[in-house]
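Undergrad: Everything in the sequence shown is counted per the working numbering, starting at 147 for the first residue and increasing by one.
Glycine residues also receive a C-beta, built at the ideal position from the N, C-alpha and C atoms.
Dumping the structure here so I can ask a few things about it.
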Amino acid sequence: IKAAFLALDPAKPEDAEILQLQRATRFIPTKKENYKGIEDAAKSAGLLK
Numbered sequence: 147i148k149a150a151f152l153a154l155d156p157a158k159p160e161d162a163e164i165l166q167l168q169r170a171t172r173f174i175p176t177k178k179e180n181y182k183g184i185e186d187a188a189k190s191a192g193l194l195k
């Protein structure tokens, strides 16, 4: 699944449709630790336990 999302090409109509549905222009690889700040903020706001 990861490889498929990373391979989406906005120049291809069938791929562009998927990207538009996600309101994305592309997907990039990331790591769990990149979301640590967001998680901490959500916990501070009482949105996560």
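Between which residues of its own chain and residue 185 is the CB-CB distance below 7 Å, once the five residues before and five after are set aside?
TA: Here the question's residue 185 lines up with position 39 in the sequence shown. Correct list, in chain order: 194.
Undergrad: Between the beta-carbon of residue 156 and the beta-carbon of residue 172, is there less than 8 Å?
TA: The residue labelled residue 156 in the question sits at position 10 within the sequence shown. The residue labelled residue 172 in the question sits at position 26 within the sequence shown. Cβ distance < 8 Å, so residue 156 and residue 172 count as in contact.
Undergrad: To the nearest angstrom, how far is the alpha carbon of residue 179 from that of residue 164?
TA: Working through the sequence shown from its first residue, we reach residue 179 at position 33. Working through the sequence shown from its first residue, we reach residue 164 at position 18. Those two C-alpha atoms are separated by around 26 Å.
Undergrad: Should residue 175 and residue 152 be called a contact, given that it needs their Cβ atoms to be closer than 8 Å?
TA: Sequence index remark: in the sequence shown, residue 175 carries index 29 (1-based). Sequence index remark: in the sequence shown, residue 152 carries index 6 (1-based). Yes, these two residues count as a Cβ contact at 8 Å.
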